[in-house]
Amino acid sequence: MDSGIKCVIEAVIFAADTPVSVERLVSILEGHDKAEVKDALENLVADYKAKAGGIFIDEVAGGYVFRTNTEYAPWIRRLFKIGQQKLSKPAMESLAIIAYKQPLTRSELESVRGVDSGGVLGTLMDKRFIKIAGRKEIPGRPVVYGTTREFLETFDLKDLSCLPSLRQLQTTEGEDASETNRQRTEETEDGTGRIDEGSQAHLAGGGDVAEEGRGADDRGEGAGQRSGGDGAGGEG
Numbered sequence: 446m447d448s449g450i451k452c453v454i455e456a457v458i459f460a461a462d463t464p465v466s467v468e469r470l471v472s473i474l475e476g477h478d479k480a481e482v483k484d485a486l487e488n489l490v491a492d493y494k495a496k497a498g499g500i501f502i503d504e505v506a507g508g509y510v511f512r513t514n515t516e517y518a519p520w521i522r523r524l525f526k527i528g529q530q531k532l533s534k535p536a537m538e539s540l541a542i543i544a545y546k547q548p549l550t551r552s553e554l555e556s557v558r559g560v561d562s563g564g565v566l567g568t569l570m571d572k573r574f575i576k577i578a579g580r581k582e583i584p585g586r587p588v589v590y591g592t593t594r595e596f597l598e599t600f601d602l603k604d605l606s607c608l609p610s611l612r613q614l615q616t617t618e619g620e621d622a623s624e625t626n627r628q629r630t631e632e633t634e635d636g637t638g639r640i641d642e643g644s645q646a647h648l649a650g651g652g653d654v655a656e657e658g659r660g661a662d663d664r665g666e667g668a669g670q671r672s673g674g675d676g677a678g679g680e681g
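For what it's worth, the numbering used here labels the leading residue of the sequence shown as 446, then goes sequentially.
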């Protein structure tokens with residue numbers, strides 16, 4: 446294999462501010478076919494994995510991007526002077542509904558949740574996890590929402606087909622609940638009355654979203670877009 450191809454791929458992925466697809470790499474590496482480029486890319490990914498260093502190449506949102514290993518997150522946060530962000534339970538619930546049922550309107554989201562969702566839609570738009578994906582062809586033509594590339598990058602998904610099935614989610618929730626009950630029983634028996642951080646997070650229902658290590662695109666997809674009637678206040 447021509448090591449020069451690997452170096453070019455490495456440089457391109459490093460320089461890009463969004464995940465780089467195989468097709469994009471092929472268009473850049475003129476004179477090399479797709480099979481050759483994929484082979485070089487796979488070898489490059491394996492090289493970084495074998496190094497087990499501070500960075501690696503990850504496949505997310507339909508392309509490849511450099512990321513920092515999560516064990517070094519505390520130092521990355523110090524560098525940028527940021528803390529770990531946390532989505533509220535209503536925001537996580539709304540994001541999950543949008544991810545599985547997109548595109549959908551605000552009223553459709555609210556019919557599932559049973560509460561006003563203008564506030565959480567605004568929060569998710571501000572964080573660039575969702576965007577206005579068009580309008581529904583019904584009276585009034587309300588806007589519909591869908592997830593963004595930033596959503597895929599943040600939650601480490603190659604594409605929407607990688608979302609866990611509802612059956613898997615239900616199984617995981619059941620296991621989490623059983624584990625939490627077991628821990629609480631043990632704590633009651635030994636008299637400590639303590640709940641570890643993981644249990645607190647589960648009981649709080651929030652979702653920790655680590656921003657470091659993802660190839661954020663400052664331009665965003667639909668960032669800051671809001672509809673006059675869909676950004677009304679509500680829960681956040």
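Using N, Cα and C, we set each Cβ at its ideal position, and we do this for glycine too. All values derive from a computational prediction rather than experimental measurement.
To the nearest angstrom, how far is it from the Cα of residue i to the Cα of residue j?
i              : j                 : result
leucine 608    : glutamate 504     : 15 Å
proline 519    : phenylalanine 501 : 17 Å
leucine 602    : glycine 507       : 9 Å
proline 548    : glycine 449       : 43 Å
glycine 564    : alanine 541       : 16 Å
alanine 461    : arginine 594      : 14 Å
glycine 652    : glutamate 481     : Only weak support exists for where glycine 652 lies, its pLDDT of 46 falling under 50; the value from the coordinates is given anyway. Taking the straight line joining both Cα atoms gives about 40 Å.
leucine 569    : tyrosine 590      : 10 Å
glycine 559    : glutamate 538     : 12 Å
arginine 580   : alanine 456       : 40 Å
threonine 513  : lysine 494        : 12 Å
glutamate 555  : leucine 566       : 11 Å
proline 535    : phenylalanine 600 : 17 Å
valine 551     : isoleucine 543    : Rather than valine, the amino acid found at residue 551 in this sequence is arginine. Each residue's Cα considered, the two are about 10 Å apart.
aspartate 492  : aspartate 561     : 49 Å
aspartate 478  : serine 472        : 9 Å
glycine 498    : arginine 523      : 19 Å
lysine 546     : glutamate 553     : 9 Å
glutamate 598  : valine 588        : 24 Å
arginine 586   : leucine 470       : 39 Å
leucine 532    : lysine 572        : 10 Å
glycine 476    : phenylalanine 525 : 40 Å
glutamate 582  : aspartate 604     : 26 Å
proline 584    : serine 606        : 31 Å
valine 490     : valine 557        : 41 Å
lysine 496     : threonine 515     : 15 Å
asparagine 488 : leucine 474       : 16 Å
By the DSSP assignment, the beta strand (DSSP E) with residue i in it spans what residues?
i             : result
threonine 513 : 508-513
Just reading off the alpha helix (DSSP H) that residue i is part of, what are its end residues?
i            : result
valine 557   : 551-558
arginine 522 : 518-525
leucine 566  : 563-571
I'd like to check one pair, residue j with residue i: are the Cβ atoms closer than 8 Å?
i                 : j                 : result
leucine 577       : threonine 592     : At residue 577 the sequence reads isoleucine, which differs from the leucine that was named. No. Outside cutoff.
phenylalanine 459 : phenylalanine 511 : yes
proline 464       : tyrosine 517      : no
alanine 394       : isoleucine 521    : Beyond the ends of the chain as shown, which are 446 and 681, falls residue 394; an answer cannot be given.
lysine 483        : valine 467        : yes
Pull the bridge partners of residue i from the DSSP assignment, please.
i          : result
lysine 576 : Gly591
valine 453 : Partner(s): none; valine 453 has no beta bridge.
valine 465 : Tyr509
Hey, is residue i close to the ligand HEM, as in C-beta under 7 Å from one of its heavy atoms?
i             : result
threonine 550 : For the ligand HEM, the structure offers nothing, since it holds no ligand at all.
Where are the alpha helix (DSSP H) runs, 4 residues long or more, that stay fully inside the segment 468-511, in chain order? The segment 468-511 is shown to contain whole alpha helix (DSSP H) runs of 4 or more residues at 479-496, in chain order.
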